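So the sequence shown is residues 28 to 137, counted in this note's numbering. Each residue gets a CB set at the ideal place from its N, CA and C atoms; glycine is no exception. A quick note: this is a predicted structure, and the numbers were derived from the prediction, not measured. This report concerns only the one structure given below.
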Amino acid sequence: QKDRKSKKSTWKFCLDLTHPVEDGIFDSGNFEQFLKEKVKVNGKTGNLGNTVHIERLKNKITVTSEKQFSKRYLKYLTKKYLKKNNLRDWLRVVASDKETYELRYFQISQ
């Protein structure tokens, strides 16, 4: 009974980059390229094949996978990209719903 596989055949996650892209501090095309290079499939980078699709529509990036793909992994990669581009101090990755992450600014309280 325990080894029941999940019935979900595709995993779809969204990253909403609207605010930072509109403010001109975040390059969505560059980030899309970063994801394509860094996402691992079967333990190898650059192995997307037909299993993982990464597409960008304006300020949203959608990752669709036919194999198991964790939302947490997407968050990890996003944070890695922010760190690489010294944006980690200004932006945070927040889950806005079950399959969407959003980049928000830290709220600075006086």
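DSSP three-state label for D43, please. Of the three classes helix, strand and coil, the one that applies to D43 here is strand, per DSSP.
*asked:* Taking 6 Å as the limit between beta carbons, can you name the residues of its chain near S123, skipping five residues before and five after?
replied: Cβ within range, chain order: E129.
- Output yes if chain B places a C-beta closer than 8 Å to the C-beta of F61; else output no. The structure shown contains no chain B; it is built from a single protein chain.
Do the region 55-64 and the region 79-92 touch if we need at least three Cβ pairs shorter than 8 Å? Contact between the region 55-64 and the region 79-92 is present, with at least three C-beta pairs closer than 8 Å.
Candidates S55, K125, L118, of which the one nearest I135 by Cα: Of S55, K125, L118, the residue nearest in Cα terms is L118.
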